[in-house]
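Residue 17 is where the sequence shown starts when you use our numbering, and the numbers rise one by one after that.
Glycine included, every Cβ here is placed at the ideal spot set by N, Cα and C.
Down below is the structure, laid out as structure tokens.
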Amino acid sequence: MDFLGHIYFSNNDIKLMYANLFGDFVKGKNFSMYTAEIQKGITLHRHLDNHIDHHPIVLELTRFLYPKLPKVSAIAVDIYFDHLLAKNWKQFHPLKLDDFLNDFESYPISLGEFNNTDFETIIQRMNKGKWLHHSATHYGLEKSLNGVSALLSFPNKLTKAFGTFIENEKYISEIFFAYMKEAIPYFSAYHQYNEQKSQLE
17 MDFLGHIYFS
27 NNDIKLMYAN
37 LFGDFVKGKN
47 FSMYTAEIQK
57 GITLHRHLDN
67 HIDHHPIVLE
77 LTRFLYPKLP
87 KVSAIAVDIY
97 FDHLLAKNWK
107 QFHPLKLDDF
117 LNDFESYPIS
127 LGEFNNTDFE
137 TIIQRMNKGK
147 WLHHSATHYG
157 LEKSLNGVSA
167 LLSFPNKLTK
177 AFGTFIENEK
187 YISEIFFAYM
197 KEAIPYFSAY
207 HQYNEQKSQL
217 E
């Protein structure tokens, strides 16, 4: 999952959404210098990444796409799933996508507490530019794929991933819905367990 997926699986907790996204900017195993809330988000981010990266049906899709998208098929799947989540949002959340994102973007988060200028810059640009509001469109999907391609440090075919999606949308969508059917109750239980654990501490 990309930005929207990480936000979605943050249990409707906006502070956790930001902390979850921050997980992409943290390296190593020691993140004890951050607040408990930020640590919770980093842990969730890594748990999400690990869950989707090792899920059998997602691995099947990644292998299927690899010949056309060598080295970047897993990255493409993350972006494809964000697009499909946005496109089918009303099946997964009671709020309209724009309302959900407006609540996220307008939340008075203190980005300075993350002490990371790269994270602060990307969040400010994302919110100001309303990037995630375009996730459901082909325009937004292609822009995301091309943008990530430009950020990678090696030559890649991610710019071809939009055409690959169009050619295989039915199959990719089937995998997406199958994954979501399992992931939603899985992460609901994950959050419930962590809430109960924190109450006992």
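Asked, Found
"Take Asp98 and list the residues in its own chain whose beta-carbon comes closer than 6 Å to its own, dropping the five residues that flank it on each side.", "Asp18, Leu20, Gly21, Ser151"
"Let me know the alpha helix (DSSP H) ranges lying completely inside the stretch 74–115, each 4 residues or longer, listed in chain order.", "89–103"
"Is it the case that the stretch 166–179 contacts the stretch 87–95, given that we only count it when at least three CB pairs across the two stretches are under 8 Å?", "yes"
"Near Asn132, what residues of its chain come up, given a Cβ to Cβ distance below 6 Å and the 5 sequence neighbours on each side ignored?", "Phe41"
"Helix, strand or coil: how does DSSP classify Thr153 here?", "coil"
"Is it buried or exposed for Lys56, if we count other Cβ within 10 angstroms and need 16 for buried?", "buried"
"For Ile58, collect the residues of the same chain with a Cβ closer than 6 Å to its Cβ; drop the 5 residues on either side in sequence, then sort them by chain order.", "Gly39, Val42, Phe47"
"For Thr153, verify whether its CB is less than 7 Å away from any heavy atom of the ligand HEM.", "This structure lacks the ligand HEM, and indeed carries no ligand of any kind."
"Three or more beta-carbon pairs under 8 Å between the stretch 113–122 and the stretch 146–164, yes or no?", "yes"
"Taking the C-alpha atoms as reference points, what is the distance between Leu77 and Asn66?", "16 Å"
"For a test of the three-state rule: what should DSSP assign to Tyr202, helix, strand or coil?", "helix"
"Contact defined as beta carbons within less than 8 Å: I believe Ile95 pairs with Leu157. What is the distance between those atoms, to the nearest angstrom?", "7 Å"
"Do Ala92 and Ala194 come within 8 Å of each other at the CB atom, strictly closer than that value?", "no"
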